[in-house]
Amino acid sequence: DPYWAPPPGGPFAREPQRAPGRLRVAFTTEVPLEGVDVRVDPACATAAIDAARLLSELGHEVVEAAPRWRDPEFVPLFTMVWQASSGLLPADLDVDLLEPLNRTLALAAARVSSAEYVRGVARLHGLARRIVAFWEGYDVLVTPTLALPPVPIGWTAAADDPWREFERGWQFTGYTQIANLTGQPALSLPLAWSDDGVPIGVQLVGPPAGEAVLLRLAGELERARPWSGRRPYVS
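When we follow our numbering, the leftmost residue of the sequence shown carries the number 585, and every step to the right adds one.
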């Protein structure tokens, strides 16, 4: 298995109770995507900045910095590899039974040659290595989890233009695709809340195989700013 992970030093369930020690933390609200019109909602940006301030108050070394992650090739290459997952569908499946976006992705994937796919994967691996190098100087990166607060059901839908629907997915998420690319551990904590009482997430991205680091830091943050008793408003 080329993606084999090292065994943990102990049960992950115990890690949130352990102190993380003083960590080197970077934070940024910079959108890692180039070529997509992602407009970060001020509430999401503020949530990440406030989390960085809290981490500083807890004694961690905190600086504003971002990986070298913006690359014009990332979105088209990621899309090409993503749509190739439709190859896992049964060969005799009637694509007309799929939702418009899934059907569009499946048809687009069928037009990609094996050579194009391999070149794309190799290029993404190179980009991933460049991004991961950032963690040589930091233990954790803090970003907004999403570019927008939770959107209404159906917000991304655009049945008349499936690629527009796909783009809206990028515009909403904004930050989470990078960990999908690099394979790093990442988690989201509800450290902020909208005026409507809806949680706004803050993403923590750890070093490769650094799940324990994230869980310890998450435990410390939850003790400093507990959220289990909070509930969104119900009308």
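The C-beta atom is built at its ideal place from N, Cα and C for all residues, glycine as well.
No experiment lies behind these values; they were computed from the predicted model shown.
Leaving out five residues on either side along the sequence, give the residues of the same chain with a beta carbon under 6 Å from the beta carbon of residue i.
i, result
"R637", "none"
"E614", "A650"
"A692", "Q667"
"A635", "V726, L775 and V786"
"F718", "P651"
Measuring alpha carbon to alpha carbon, tell me which residue in the options is nearest residue i.
i, options, result
"E645", "A690, R707 and V726", "V726"
"G813", "L801, G794 and G781", "G781"
"P684", "T740, V797 and A603", "T740"
"L775", "N764, R807 and A796", "R807"
"T663", "D655, L689 and R809", "L689"
"A675", "A694, V665 and F658", "A694"
"R602", "P590, L801 and D625", "L801"
"L642", "G803, L673 and P816", "G803"
"S670", "P656, I737 and V696", "V696"
"R654", "D625, D678 and L708", "L708"
"P783", "Y817, T757 and L799", "Y817"
The beta strand (DSSP E) with residue i in it runs from where to where?
i, result
"S772", "A770 to W777"
"A610", "R608 to F611"
"E645", "E645 to E648"
Within a Cβ cutoff of 8 Å, which residues of the same chain sit near residue i, ignoring the five residues on either side of it in sequence?
i, result
"G767", "Y587, A712 and P792"
"A742", "R748, E749 and R752"
"T612", "A632, E648, A649, A650, L725, V726 and T727"
"D680", "R687"
"E795", "P592, F596, E599 and P769"
"R815", "G781"
How would you write the range of the alpha helix (DSSP H) that residue i sits in, first residue to last?
i, result
"L732", "Here L732 belongs to no alpha helix (DSSP H), and DSSP marks it neither H nor E."
"Q667", "F658 to Q667"
"A783", "Note on residue identity: the sequence assigns Pro, not Ala, to residue 783. Counting along the chain, P783 falls outside any alpha helix (DSSP H), though it belongs to the beta strand (DSSP E) covering P783 to V789."
"Q882", "The structure shown does not extend to residue 882, since the chain is modelled only from 585 through 819, so no value can be given for it."
"V818", "Where V818 is concerned, there is no enclosing alpha helix (DSSP H), given that its DSSP letter is neither H nor E."
"A716", "The residue you asked about is not Ala; residue 716 is Val in the sequence shown. V716 -> alpha helix (DSSP H) spans S698 to V716."
"T740", "Element bounds for T740: n/a, residue is neither H nor E."
"L682", "No alpha helix (DSSP H) holds L682; DSSP gives it neither H nor E."
According to the Cβ coordinates, are residue i and residue j closer than 9 Å?
i, j, result
"Y759", "A731", "yes"
"G704", "L765", "no"
"V659", "E618", "yes"
"P733", "S778", "yes"
"L805", "L639", "yes"
"I762", "P656", "no"
"V735", "P604", "no"
Near residue i, which residues of its chain fall below 7 Å by C-beta distance, leaving aside the five closest residues on each side in sequence?
i, result
"Q755", "V620, D621, V622 and A731"
"T729", "Y759, T760, S772, G785, V786 and Q787"
"R714", "R652"
"P590", "A793"
"D625", "A731, L732 and P733"
"A629", "T613 and P728"
Can you find at least 3 beta carbon pairs, one from the segment 601-612 and one from the segment 718-733, that sit closer than 8 Å?
-> yes
Would you be able to state if there are at least three C-beta pairs under 8 Å between the segment 767-777 and the segment 786-806?
-> yes
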